[in-house]
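Remarks on the structure that follows.
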């Protein structure tokens, strides 16, 4: 291996998980990207991994050996029972906001596994990379959109990840509003109860089915019901300053419904394409009225999954 040439480069999309009634199982790929290259340093350089971080990663204080990209690289290699190369040099540039519910950690895990697969010719297919990412992330709903692209339904069963693409009607748009504040996933997880009433579980199951049907057909009644989550939003909305105002503003501007993106702090609205700009502007303005700066954008509807850059 050379000491200067990039051995492998991958691009991985962001993702939004917990979409409405699809808590911990439905996610969508989002067109904000993590791009990572890896090469092997020259003989005599330090054996430890090295990183150059740009974009949203510049303030990341993680030790290089604990960086999610390297952790996933090591996990993918370890699964094949071969030695992890020394002197790995990573260059990572990201557009994905960190700690905002857009799958930054899942994208990093996918990038690391995909880089190892490409650099060392491990022979992993996309399902294998999804398995590595899910084992590290803990659940597949962010990982699978970043691997396969589009909207996905994913769950773990009998020790393996099962994933299926979901149809999304061409008339629908996904609008995101990203606030300036971070909500740590650990804190958001801690807000959830250990047990829910049976009636809540029944409602959640119905909303999950309604989400799949609503996305495929653009049935607004189905989607409105599906986006009114009963499993996590009632417990997390208090952690997101301005949640109720932003959701109400989105709906008033024409959105079918609004919810958290992932565990937050970003919010996601589903709307008809022609109303997307107005919905995004309304969400950002509603946050501004609460003293929070936010940026809104509409994601491309069908975003492809990770890919190797030639």
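Numbering (this note's numbering), first residue to last: 22 to 331.
Note that CB positions come from ideal geometry on N, CA and C, so glycine has one too.
Model, not experiment: these values are computed from the prediction.
DSSP, read as helix, strand or coil, puts residue 87 in helix. Around the beta carbon of residue 80, fewer than 16 other beta carbons sit within 10 angstroms, so the residue counts as exposed. In the DSSP assignment, residue 293 is bridged to 193. Here the alpha carbons of residue 268 and residue 274 stand approximately 10 Å from one another.
For residue 61, the beta-bridge partners assigned by DSSP are 109. Annotation for residue 151: no beta strand (DSSP E) segment contains it, though the alpha helix (DSSP H) segment containing it runs 147 to 158.
Contact between residue 251 and residue 206 is ruled out by a C-beta separation of about 20 Å, above the 8 Å threshold. Under the three-pair Cβ rule at 8 Å, the region 71 to 88 counts as touching the region 108 to 117.
Remark: C-beta atoms of residue 326 and residue 180 do not approach each other more closely than 8 Å. In chain order, 85 and 86 place their CB closer than 7 Å to the CB of residue 69, counting only its own chain and leaving out the 5 sequence neighbours on each side. Between the region 312 to 320 and the region 181 to 200 there are three or more C-beta pairs closer than 8 Å, enough to call the two in contact. Exposure of residue 103 is indicated by the presence of fewer than 16 other C-beta atoms within 10 angstroms of its C-beta. Per the C-alpha coordinates, the member of 286, 260, 225 and 29 positioned closest to residue 59 is 29. In this structure residue 162 is not in contact with residue 237, their Cβ atoms being roughly 18 Å apart against a cut-off of 8 Å. The beta carbon of residue 73 lies closer than 6 Å to those of 112 in the same chain, with the five residues before and after it left out. With a beta-carbon spacing of about 11 Å, residue 272 and residue 266 fall beyond the 8 Å limit used to define contacts. When the five nearest sequence neighbours on each side are left out, the beta carbons in the same chain lying within less than 7 Å of the beta carbon of residue 253 are those of 39, 44 and 213, in order along the chain. The three-state secondary structure of residue 75, taken from DSSP, is strand. For the pair residue 135 and residue 150, the Cα-to-Cα distance works out to about 7 Å. Taking the CA atoms as reference points, residue 219 sits about 22 Å from residue 243. Under the DSSP assignment, residue 318 falls in the beta strand (DSSP E) whose first and last residues are 315 to 320. Residue 308 and residue 198 do touch by the CB rule: their CB atoms are close to 6 Å apart, below 8 Å.
Beta-bridge partners of residue 181 (DSSP): 178.
Ranked by how close their Cα comes to the Cα of residue 34, the residues 144, 172, 204 and 259 have 172 in first place. Per DSSP, residue 80 lies in no beta strand (DSSP E) and is assigned neither H nor E. For residue 34, the enclosing beta strand (DSSP E) stretches over residues 29 to 37. The beta-carbon distance between residue 201 and residue 314, rounded to whole angstroms, is 5 Å. This is short enough to meet the 8 Å contact definition. Pairing residue 296 with residue 41 gives a Cβ-Cβ distance that is not under 8 Å. The C-alpha of residue 232 lies about 15 Å from the C-alpha of residue 281. Under a 10 Å Cβ-count criterion, residue 178 is classified as exposed, with fewer than 16 other Cβ atoms of the shown protein chains found around its own Cβ.
For residue 331, the number of other beta carbons within 10 angstroms of its own is below 16, and it is reported as exposed. Here DSSP, grouped into helix, strand and coil, assigns residue 253 to coil.
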